[in-house]
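Each remark here refers to the structure printed beneath this line.
Spelled out as structure tokens, the structure:
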């Protein structure tokens, strides 16, 4: 009985709920104060309405996604007094100045580590793919590499089994960067390995996102890691104050071992990602293991983030690919890990996805847990299908967020009508995020097809071209289609109430 009430107490009085409560109270107080001021004097109301009008003009003028503009303008119209103030507080998609001041100087001062060394036209014969690679290299600043082998994992269990085996063999350093670290059997196993490696003299560093992990870790987590000799950076520590910075999260999942082995994919460190818990049926995730030159991109991503939040700046060269592996690596196509950041105006991930759709000739297969798309993505999906390309999207059969699932389903009708095939993963929840097309190109990583991933979060993915791994990815999709439920127009017929609610939700989907 004591354990039962203890769990309830800890569930209510934890850092997340207390922090959230303080923020809600501040928001309530702010709204109350605004209404009190408006009632106190008419001229105050005119000021707030003026702010609202100026905000609306500013939104129209800014180079924002049209759906994002519409959502905010409608919100402002519905709440003419509060609308402008709410936009000023929460509407600006740009990260807070504090984050930008920390990260931008570090990234800019280390760009020279990311020069494109391989001749793109030599390592990629396909002209269209070479253009995409060149775009990522120039706008995303992350180069493409030969001299890299890759292995695809279609399940979180196999992904982490391989990662744990490599961790056990680490001799020099292990870097981990994760959106969520969750206490449980998987983390305990990794933690024990990390502690033993510290004793062997291996350098261990961890970056994790505080908002992603805040409800899953004990209060003394960082203190305990540091006591065990593990260095830690907490991205965007959550504090009990209203702030814009909580919009921007480190959604990346990266593991680097000894500089020449790297992992990237959709799975966080938690028991559900390896099906040790099963609230949502079977949890399907995916990931990729890299060995060779391209791991350098992941290392620079990690060190850029690390140095941005540390008082001292590390030299990158001791963590290079060939420092601890002198021999040349096996080459299998073009491998290009890349990072997407909300700090610039370039929608890198979305543009890469759009280019895959626009250049496809035979098929494009997509995994996404959240199908909340803007007009550009919807148009590209429909146009590809109308051109005769076999476009298929797999979404969850059992969702983790009911409202988001309901919203995702609102896009089904138009897509299916245009010829896009939609499947729901019948065994449970699909958390994988990937594109594959024509056996020639693929992206595996952390990037969902929703507004937060494409515009607000720090993300990463691995772009593959002319690699044998692409065939393995396609074969995984073919197996998944067989156990998934295809959604047809007849399934959606007659649900007028759902359609009406979804239409309202879609208006505000870019701003939630």
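Residue numbers (our numbering): 146 to 657.
All C-beta atoms in this analysis are idealised placements derived from N, C-alpha and C, irrespective of residue type, glycine included.
Treat the numbers as computed from the prediction; the structure is a model and nothing was measured.
Selected residue, minimal CA-CA separation from residue i, among the options
i, options, result
"residue 361", "499, 325 and 382", "325"
"residue 467", "421, 493, 406 and 456", "406"
"residue 399", "441, 365 and 426", "441"
"residue 267", "256, 279 and 348", "279"
"residue 308", "518, 336 and 283", "336"
"residue 422", "435, 465 and 331", "331"
"residue 490", "201, 547, 270 and 207", "207"
"residue 232", "634, 246 and 216", "216"
"residue 586", "630, 596, 479 and 543", "479"
"residue 462", "253, 404 and 365", "404"
"residue 283", "250, 305 and 260", "260"
"residue 310", "253, 633, 250 and 408", "408"
"residue 633", "558, 598 and 290", "558"
"residue 658", "642, 365 and 502", "Because the chain in this structure spans residues 146 to 657, residue 658 falls outside the shown range and cannot be described."
"residue 588", "617, 246 and 596", "617"
Cα-Cα separation, residue i to residue j
i, j, result
"residue 475", "residue 481", "15 Å"
"residue 651", "residue 473", "51 Å"
"residue 540", "residue 199", "40 Å"
"residue 275", "residue 513", "26 Å"
"residue 577", "residue 196", "42 Å"
"residue 322", "residue 567", "32 Å"
"residue 219", "residue 535", "36 Å"
"residue 601", "residue 288", "23 Å"
"residue 619", "residue 510", "8 Å"
"residue 445", "residue 258", "8 Å"
"residue 590", "residue 638", "34 Å"
"residue 420", "residue 205", "46 Å"
"residue 396", "residue 450", "12 Å"
"residue 647", "residue 255", "45 Å"
"residue 402", "residue 340", "15 Å"
"residue 363", "residue 201", "43 Å"
"residue 448", "residue 412", "21 Å"
"residue 464", "residue 571", "43 Å"
"residue 453", "residue 221", "36 Å"
"residue 457", "residue 269", "39 Å"
"residue 264", "residue 359", "44 Å"
"residue 250", "residue 496", "25 Å"
"residue 153", "residue 518", "Low per-residue confidence applies at residue 153: pLDDT is 47, beneath 50, and the placement is therefore not dependable, though the value from the model is reported in the following sentence. If you take the alpha carbons of residue 153 and residue 518, they lie about 38 Å apart."
"residue 347", "residue 314", "10 Å"
"residue 320", "residue 547", "34 Å"
"residue 252", "residue 631", "44 Å"
"residue 575", "residue 327", "19 Å"
Close Cβ partners of residue i (< 7 Å) along its chain, the five nearest in sequence each way excluded
i, result
"residue 520", "211 and 212"
"residue 516", "538, 540, 553, 556 and 594"
"residue 223", "none"
"residue 505", "529, 534, 582 and 583"
"residue 292", "437, 438, 473, 474 and 476"
"residue 669", "Nothing about residue 669 can be reported from this structure: the residues present for the chain run from 146 to 657 only."
"residue 500", "277"
"residue 343", "349, 373, 374 and 375"
"residue 295", "433, 434, 435, 477, 480, 609, 612 and 614"
CB of residue i within 8 Å of CB of residue j, strictly
i, j, result
"residue 560", "residue 526", "yes"
"residue 427", "residue 573", "yes"
"residue 338", "residue 312", "yes"
"residue 317", "residue 469", "yes"
"residue 498", "residue 551", "no"
"residue 606", "residue 615", "no"
"residue 635", "residue 569", "no"
"residue 488", "residue 248", "yes"
"residue 425", "residue 543", "yes"
"residue 410", "residue 483", "no"
Min CB distance residue i to chain C below 8 Å
i, result
"residue 375", "In the structure shown, chain C cannot be found, because there is only a single protein chain."
Same chain only: Cβ atoms within 6 Å of residue i, ignoring 5 sequence neighbours per side
i, result
"residue 485", "493, 494 and 604"
"residue 370", "377"
"residue 507", "583"
Nonlocal neighbours in the same chain, by C-beta distance under 8 Å from residue i, ignoring five residues either side
i, result
"residue 564", "527, 530, 531 and 536"
"residue 271", "585, 610 and 611"
"residue 381", "244, 354, 355, 356, 390, 391, 393, 394 and 395"
"residue 100", "The structure shown does not extend to residue 100, since the chain is modelled only from 146 to 657, so the question has no answer here."
Is it true that the stretch 341-356 meets the stretch 368-377, where meeting means three or more beta-carbon pairs spaced less than 8 Å apart?
-> yes
Within the chosen definition, does the stretch 299-312 reach the stretch 424-441 through at least 3 CB pairs nearer than 8 Å?
-> They touch, by the three-pair rule.
Looking at C-beta atoms only, is the number of pairs between the stretch 411-425 and the stretch 621-628 that lie closer than 8 Å three or more?
-> no
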